[in-house]
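Just below is one structure, and these are the notes that go with it.
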RNA sequence: GUGGCUGUAGCUCAGCUGGUUAGAGCACCGGAUUGUGGAUCCGGGGGUCGUGGGUUCAAGUCCCAUCAGCCACCCCA
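Residue numbers (the numbering used here): 441 to 854.
As structure tokens, this is what we get:
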């Protein structure tokens with residue numbers, strides 16, 4: 441039994457759930473397309489250094505969540521824990537800088553070695569967009585608007601809140617970090633052990649700590665916005681102005697931080713209360729430093745990623761499957777004619793299920809069970825007349841129709 | 001990675017302080033109905049009680065371990 445279970449934190453996506461995923465992906469892709477995004481895909485695994493260099497040596501993802509292994513050729517490989525690094529790598533190795541700015545949409549599985557919970561899996565799926573090569577705040581606004589639009593289209597927007605913050609540019613962040621560390625040093629005794637470690641590696645993260653002692657210390661900490669230089673303030677102001685103009689509500693959350701240096705300016709998250717502890721549904725921001733850090737020529741970028749499972753959960757019951765037409769042969773002589781009829785209807789665009797086995801009653805039962813919209817009954821009587829009986833399984837009414845015009849008769853069931 | 005809760009049929013669950021062949025509803029299969037489904041009635045199949053060990057005359061029930069899920073922390077999508 442246990443070795444027949446899917447590995448921890450993974451699960452099979454059966455047709456019902458798959459339709460839920462499909463709805464999220466298809467909706468997102470269609471909306472993103474209106475904003476100029478084209479779908480692409482990067483490999484599911486990359487050389488480990490792509491993520492290590494990109495996510496930093498201190499991030500949780502790199503230190504404890506990567507699925508890494510050495511392949512038979514001795515290469516260090518990692519299953520992608522997120523896709524921005526892969527897209528950035530692709531941007532460079534495929535020479536996309538020639539076409540910059542590029543707008544890319546993706547959907548696919550990601551892998552993180554975490555302790556599973558509802559809405560948190562080891563293999564999960566994300567959709568995301570990346571706008572690479574566009575520097576201004578307008579791009580940030582539009583990226584957020586694309587996300588908001590997708591949440592609208594999925595009908596879940598009213599259950600989410602947009603949290604917004606700015607990380608400023610590098611200069612502002614360096615200035616603030618220095619002041620912050622200086623302040624925290626004076627109260628280091630009150631910090632949690634974890635935060636003491638973060639003090640050297642990742643001090644901004646302390647602002648987001650949920651430890652009570654940390655929070656008391658953080659409450660009196662210098663305020664980041666006081667250290668934003670003029671350019672950073674102007675950038676953030678424009679982002680807010682744009683969101684206001686588009687009627688996209690947001691809540692400024694000064695504790696919304698990103699630990700990594702290549703992030704700058706806009707950071708945002710659409711969160712929800714409806715999913716328990718896993719509240720983040722769509723998260724993103726600006727990563728102007730990323731491509732430079734990976735060895736490319738400095739190129740700005742903005743984007744977000746969203747969890748398909750989480751969005752699908754918010755959406756509720758998946759749409760029902762398309763209802764088929766059941767072709768029901770009666771008697772041996774009808775078998776082959778029913779087969780060719782089925783094939784013809786499929787060529788004409790219908791979803792067709794041909795019942796086999798059992799008597800007519802059994803086949804009708806089956807037709808009912810698979811939620812067929814109609815049954816096309818083909819027996820010797822009909823064959824002799826070159827027709828078929830079409831029974832509407834909703835109303836129970838039926839009529840005979842010539843085979844030649846059957847597809848037209850069935851048109852409303854397509 | 002830490003702490004807590006849970007694990008009985010495909011699904012939802014019952015099974016009292018350990019005590020005969022482990023039950024129900026739904027679902028599934030067959031029949032009533034060999035050219036007509038949904039309703040009803042009758043019948044049937046299906047469980048190594050998550051797994052492994054231990055205690056006991058006796059374990060679904062108690063103990064330990066392990067696996068998985070869930071909840072919180074952590075982190076995030």
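Where is the CB? At the ideal position from N, CA and C, for every residue including glycine. These numbers were taken from a predicted model, which means no experiment stands behind them.
By the neighbour-count definition (other C-beta atoms within 10 Å, threshold 16), residue 684 is an exposed residue. Beta-bridge analysis with DSSP links residue 605 to 707. Within the model, the alpha-carbon separation for residue 682 versus residue 581 is close to 6 Å. The residues 607, 725 and 727, in chain order, have a CB closer than 6 Å to that of residue 703 in the same chain once the five nearest residues on each side in sequence are set aside. When the alpha-carbon of residue 567 is set against those of 737, 462 and 508, the nearest one is in 462. Here residue 520 is buried, its C-beta having at least 16 other C-beta atoms within 10 Å. Secondary structure in the stretch 544 to 625: the alpha helix (DSSP H) runs of 4 residues or longer, each lying completely within the stretch, are 577 to 594 in chain order.
Fewer than three Cβ pairs drawn from the stretch 545 to 565 and the stretch 653 to 666 lie within less than 8 Å of each other, which leaves the two stretches out of contact.
Comparing alpha carbon positions, the residue from 678, 814 and 589 closest to residue 847 is 814.
In the DSSP assignment, residue 640 falls within the alpha helix (DSSP H) that extends over 633 to 641. Contact check for residue 792 against residue 765 passes: the beta carbons are separated by less than 8 Å. For residue 812, no beta strand (DSSP E) segment is defined, and its DSSP state is neither H nor E. Taking C-alpha positions only, residue 843 is separated from residue 756 by approximately 41 Å.
Per DSSP, reduced to three states, the secondary structure at residue 519 is strand. Inclusion of residue 708 and residue 600 in the CB contact set at 8 Å is not warranted, their separation being larger than that value.
Between the alpha carbons of residue 689 and residue 849 lies a gap of roughly 50 Å.
Taking C-beta atoms as the reference points, residue 701 and residue 743 fail to come closer than 8 Å. For the pair residue 787 and residue 795, the Cα-to-Cα distance works out to about 18 Å. Residue 532 is not bridged by DSSP to any residue.
Nearest C-alpha to residue 797 among 829, 781 and 767: 767. About 6 Å separates the CB atoms of residue 472 and residue 569; that is less than 8 Å, so the two are in contact. Checking the DSSP bridge columns, you'll see residue 712 partnered with 600. By alpha-carbon distance to residue 834, the top candidate from 451, 578 and 852 is 852. Just so you know, the alpha carbons of residue 720 and residue 751 end up roughly 10 Å apart.
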